[in-house]
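>
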Amino acid sequence: MSDTDLPDGEHQTPAGVTDATVEALGMLSEALETVERARGHLYTFHQLTGEADLALGDAVDKLREAGHDDVARRISEDLVGRNVLPGRWTFQIVEDYDDGYWQVFRDHERSAREALAGGVRHLWEARMKQERRTRGRPGHEVAPGDADG
Numbered sequence: 001m002s003d004t005d006l007p008d009g010e011h012q013t014p015a016g017v018t019d020a021t022v023e024a025l026g027m028l029s030e031a032l033e034t035v036e037r038a039r040g041h042l043y044t045f046h047q048l049t050g051e052a053d054l055a056l057g058d059a060v061d062k063l064r065e066a067g068h069d070d071v072a073r074r075i076s077e078d079l080v081g082r083n084v085l086p087g088r089w090t091f092q093i094v095e096d097y098d099d100g101y102w103q104v105f106r107d108h109e110r111s112a113r114e115a116l117a118g119g120v121r122h123l124w125e126a127r128m129k130q131e132r133r134t135r136g137r138p139g140h141e142v143a144p145g146d147a148d149g
């Protein structure tokens, strides 16, 4: 164990793993975290687009109630339920992203971590925590329930 590893049993660098490998895996993990954020934004896009389509349907109903049947018909026929990309609603975009990119990215990150560091997650972050925390100070414990910090 490096003196910068967390002594919590879960975040110790396996024997033979170099600092360069820990750094590279940390960068890979950070890239995955960015993909996770992008995926969250994609789900936000999906939900907002769906909400907009439902609100559009309500607006079309109100236009009809107000006697604007021609305007309501044009909007309803052309825009309500329209694909956002050729042949795709947003759920299909989400599914394609999840299956064709997000899951592949996660699989490669996990595979690299397993092959190079025995599967240990967040080694780089664990080292950063150990370097930055103040030993013995409340709020700077190694792990939950650790009193000696």
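Per the UniProt record's numbering, the very first residue in the sequence shown carries number 1; after that it's consecutive. From the three backbone atoms N, C-alpha and C, an ideal C-beta is built for every residue, glycine too.
(1) One question on the structure: do Ala117 and Val17 come within less than 7 Å of each other, judged by their Cβ atoms?
(2) If I'm right that Gly9 touches Trp124 with Cβ under 8 Å, what's the distance once you round it to whole angstroms?
(3) If you measure between the beta carbons of Gln130 and Thr4, is that distance less than 7 Å?
(4) With a threshold of 16 other CB atoms inside 10 Å of the CB of Ala126, please say whether the residue is buried or exposed.
(5) Using CA atoms only, rank isn't needed, just tell me which of Arg137, His122, Asp98, Ala72 is closest to Gln12.
(6) Name the DSSP bridge partner or partners of Gln85?
(7) If you draw a straight line from the C-alpha of Leu54 to the C-alpha of Arg82, how long is it?
(8) Assess contact between the region 64-76 and the region 136-143, defined as three or more Cβ pairs (one per stretch) separated by less than 8 Å. Is contact present?
(9) State the start and end residues of the unbroken alpha helix (DSSP H) segment that holds Val80.
In this structure, then:
(1) By 1-based counting over the sequence shown, the position of residue 117 is 117. By 1-based counting over the sequence shown, the position of residue 17 is 17. Against a cut-off of 7 Å, the Cβ pair of Val17 and Ala117 comes out as a contact.
(2) Here residue 9 refers to the residue found at position 9 of the sequence shown. Here residue 124 refers to the residue found at position 124 of the sequence shown. That pair is no contact at about 18 Å.
(3) On the sequence shown, position 130 is the one that residue 130 refers to. On the sequence shown, position 4 is the one that residue 4 refers to. The beta carbons of Gln130 and Thr4 sit closer together than 7 Å.
(4) In the sequence shown, the residue the question calls residue 126 occupies position 126. Counting Cβ neighbours within 10 Å, Ala126 comes out buried, since at least 16 surround it.
(5) By 1-based counting over the sequence shown, the position of residue 12 is 12. When each option's Cα is compared against that of Gln12, the closest is His122.
(6) Walking along the sequence shown from the start, residue 85 turns up at place 85. According to the sequence provided, residue 85 is Leu. The question's Gln does not apply to it. Arg88, per the DSSP bridge assignment.
(7) The count along the sequence shown starts at 1 and reaches residue 54 at position 54. The count along the sequence shown starts at 1 and reaches residue 82 at position 82. A straight-line Cα-Cα distance of about 12 Å links Leu54 and Arg82.
(8) Contact fails: fewer than three Cβ-Cβ distances are below 8 Å.
(9) Residue mapping note: residue 80 aligns to position 80 of the sequence shown, counting from 1. Premise fails: Val80 is in no alpha helix (DSSP H) and is neither H nor E.
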